[in-house]
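Residue 319 in this note's numbering is what sits at position 91 of the sequence shown, and the numbering runs on without skipping anything.
Using N, Cα and C, we set each Cβ at its ideal position, and we do this for glycine too.
Working notes, structure below.
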Amino acid sequence: MNGDRAAALEQFVTGWYPAAGATEPPATCAPSRLPAGLRQLYRLAKQRSGALGTQNRILPEPDLHTDHLGEMLVFGVENQGGFLWSLLWTLDGPEADPTVWFREFDEEPIAEQEPLSGFLIQFSLFEASMGADYLALPRRLTATQVAQLTQALHPVPLRPFWPWAPTHFYVAPGLVVHVSNEGGEEFDVWAGATHRSALEPLAGLPVDWTRFDG
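Structure below.
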């Protein structure tokens with residue numbers, strides 16, 4: 229993960245989403261003013277459109293635009309337009325791994341804790357869990373219940389995602405779980421899987437499920 233985040237992103241996206249075609253599209257050498265992380269995601273999304281999100285979205289490259297001040301490049305949006313993600317926009321070449329800025333309506337932007345390389349992994353994990361065919365959705369959990377639910381999973385070693393409700397990720401083969409907290413003593417948990425069997429590690433937990441597809 230922290231040794232090669234680009235490889236981690238590619239392995240997750242190509243492992244989670246089936247390719248639409250038999251071969252990868254040919255690489256291009258055209259110059260771009262976009263950071264390498266976004267260029268990589270767009271390349272992966274040519275065969276795996278789900279990589280750009282199902283709940284929230286990374287904008288397709290032709291839809292990228294600057295904010296009303298011309299200072300930030302907007303590249304990600306919430307599904308109802310409530311908030312967006314952007315990068316500092318300059319006429320110089322792209323920064324290698326820029327800060328991602330979260331902004332709600334007309335509020336001041338807040339920096340995501342991970343730069344673009346980590347943010348894109350987190351965004352991909354969040355969207356994969358939200359759009360999964362098989363879900364496990366408990367009612368709000370205590371810290372003890374969260375510990376029980378995640379003890380057999382691998383924590384993703386990144387700082388929390390999303391300033392609104394800091395979110396951590398846990399994974400197992402075919403399974404992504406995200407755990408969010410808005411500052412109280414209860415946690416929101418969402419688990420998404422590529423197959424019913426991937427939810428089996430959660431089946432015997434003393435949790436009140438609102439939906440369980442395992």
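**Asked** With distances taken from CA atoms, which of PHE397, ALA380, LEU272 and THR294 is nearest ALA431?
**Response** The shortest CA-to-CA distance from ALA431 to any of PHE397, ALA380, LEU272 and THR294 is the one to ALA380.
**Asked** Could you give the C-beta distance for LEU288 and LEU344, rounded to a whole number, given that I count them as a contact under 8 Å?
**Response** The residue you asked about is not Leu; residue 288 is Pro in the sequence shown. Actually they do not touch by this definition, with Cβ atoms about 17 Å apart.
**Asked** In three-state DSSP terms, what is PRO429?
**Response** Three-state result, PRO429: helix.
**Request:** Quick one: residues in its chain with C-beta nearer than 6 Å to the C-beta of ILE338, no 5 flanking neighbours on either side, listed in chain order?
**Result:** Taken in chain order, the residues that qualify are PHE330 and PRO391.
**Request:** With a 10 Å radius around its C-beta and 16 neighbouring C-beta atoms as the bar for buried, classify CYS257 as buried or exposed.
**Result:** Its pLDDT being 40, under 50, CYS257 is placed unreliably in this model, and the coordinates cannot settle the point.
**Prompt:** Which residues does DSSP pair with GLU340 in a beta bridge?
**Reply:** GLU340 pairs with nothing; no bridge assigned.
**Asked** Secondary structure at ARG439, three-state DSSP: helix, strand or coil?
**Response** strand
**Prompt:** What does DSSP give as the partner residues of HIS293 in its beta bridges?
**Reply:** Paired residues: VAL302.
**Message:** I'd like the list of long-range same chain contacts for GLN283, defined as Cβ closer than 8 Å, with 5 residues on each side in sequence excluded.
**Reply:** For GLN283, the CB contacts under 8 Å within the same chain, skipping 5 residues up- and downstream, are ASN307, PHE354, GLU355, MET358 and GLY359 in chain order.
**Asked** Going by Cα to Cα distance, which pick from LEU386, TRP317, GLU342 and LEU403 is closest to LEU297?
**Response** TRP317
**Message:** Using the Cβ count rule (16 or more neighbours within 10 Å means buried), how would you classify GLY321?
**Reply:** Burial call: exposed.
**Message:** If distances are taken between C-alpha atoms only, which option among LEU365, ARG439 and PRO429 comes closest to SER408?
**Reply:** Per the C-alpha coordinates, the member of LEU365, ARG439 and PRO429 positioned closest to SER408 is LEU365.
**Request:** Given a cut-off of 8 Å, decide if VAL399 and HIS382 are closer than it, judged by their beta-carbon atoms.
**Result:** Yes; because the gap between Cβ atoms is below 8 Å, this pair is in contact.
**Prompt:** Roughly how many whole angstroms lie between the Cα atoms of VAL305 and LEU433?
**Reply:** Cα to Cα, VAL305 sits roughly 35 Å from LEU433.
**Message:** If the criterion is Cβ atoms closer than 8 Å, does the pair PHE415 and ARG367 meet it?
**Reply:** Contact: no.
**Asked** Residues bridged to HIS396 by DSSP?
**Response** For HIS396, the beta-bridge partners assigned by DSSP are VAL407.
**Request:** Could you give the DSSP three-state label for SER314: helix, strand or coil?
**Result:** Correct three-state label for SER314: strand.
**Prompt:** Can you find a CB in chain B that lies within less than 8 Å of the CB of THR372?
**Reply:** Absence of chain B from the displayed structure is noted, only one protein chain being present.
**Asked** In chain order, which continuous runs of the alpha helix (DSSP H) of length 4 or greater are located wholly inside the segment 345-395?
**Response** 371-378
**Item:** ALA264 - containing alpha helix (DSSP H), residue span
**Value:** 264-273
**Prompt:** Over what stretch of residues does the beta strand (DSSP E) that includes VAL417 continue unbroken?
**Reply:** 416-421
**Item:** Proximity below 8 Å, CB of GLU332 to CB of PHE347
**Value:** no
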